Every structure is written in C-alpha cells, then in structure tokens.
Amino acid sequence: IMAAENVTSLPLADWDAALDLNLRAPFLLAQACAPKMPSGSSIINISDMGAQKAWSRYPAYTVSKAALESMVRIYAAELAGTSVRANILNPGPTRTDMRAAAMPERSPARMPGEISVKSVLPPRRKDFPDRIRLRGRAAI
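Residue numbers for the sequence shown follow this note's numbering, beginning at 20 and rising by one.
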C-alpha cells in the first residue's frame, strides 16, 4: 500500500493500512508459523529500496519496509541455532501495478535494468515456490 501523501497530511487510516500489511501481517505470520516450521525452512519477506531511502511522498510505506527489515534481522538473531532461517528478498525495481500507480513518471524505458514480476515468477505448481530465478541466479 503506497498512499502518496506528506507526513503532515497522511490520514491515520493510510498509515495503519501500510503498517498492518507490511509489518503486522509478517509479524503475526512469523510468530504463528516459525515454531511449527520444519527443519530447513525459511521465513522470506519482500522489501525494496524504500527501506533504505526515505521517499518523502510515501512515508507509511517507507517506514513499514524499514521496520520490516529490522524485524527480520531480529527474527534471524532469535532463530540462530535453529534450523529455520529468516531472510529479506529485495528484487530491485519491478514492474507491478502498485509501482505503476504510485510512480507513473518512472516509465520502463527510463529504467533499463528493471524486471517484471510476471517474468520471473514460475507458473504455479505443487512445490511452488521452490525457486525464483532473477537474471539467471536463484533468488530463493
């Protein structure tokens, strides 16, 4: 959820929605699932460069992604010594409907290294997702 607002005008409902989706939901899922995950499992969360770069038009989104990355570092520390790993996947700029709506000024032609999410996701199958390949390398 990327509500384009300044900090001073961002509705509380938009702030809450971004943090609920990008921080609270992964927290609750990890809390419920980690104790039951089989050996060799991974908790994988998706982030982006908004976690490191403050986008002034998207305060709730960037704060939620920065907090998510911090939370995953905490998961990793707490899970150290177990057979469950915690990781962040940051695929870089991707063509998604959300990004197109939030940043229409960023056309694909202006970002030649950008990839499409649809181009890297394998078709659904019983063992999905076993691997996602980005530029020939296994991402997960």
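Backbone N, C-alpha and C fix where the C-beta goes; we use that ideal spot for every residue, glycine too.
Since the model is a prediction, treat every value here as computed from it, not as a measurement.
Practice item. Starting from the C-beta of Ser102, find all residues in its chain whose C-beta is less than 7 Å away, skip the five residues before and the five after it, and write them out in chain order. Key: Ser58 and Gly59, listed in sequence order.
Point to revise | Contacting residues, own chain, Cβ-Cβ under 8 Å from Ser61 (five flanking each side not counted) | key: Val103, Arg104, Ala105, Asn106 and Ile159
Point to revise | Cα-Cα separation between Met68 and Asn109, rounded to whole angstroms | key: 7 Å
**Study point:** Through-space distance from Thr81 to Asn25, alpha-carbon basis
**Key:** 12 Å
**Study point:** Strand pairing of Ala105, partner residues [DSSP]
**Key:** Ile62
Check your understanding: Quick one: Cα of Ala37 to Cα of Leu31, how far?
Key -> 10 Å
Review point. Which of helix, strand or coil does DSSP assign to Leu42?
Key: helix
Point to revise | Asp10 in three-state terms, based on DSSP | key: Lying outside 20 to 159, the shown extent of the chain, residue 10 is not represented and no answer is given.
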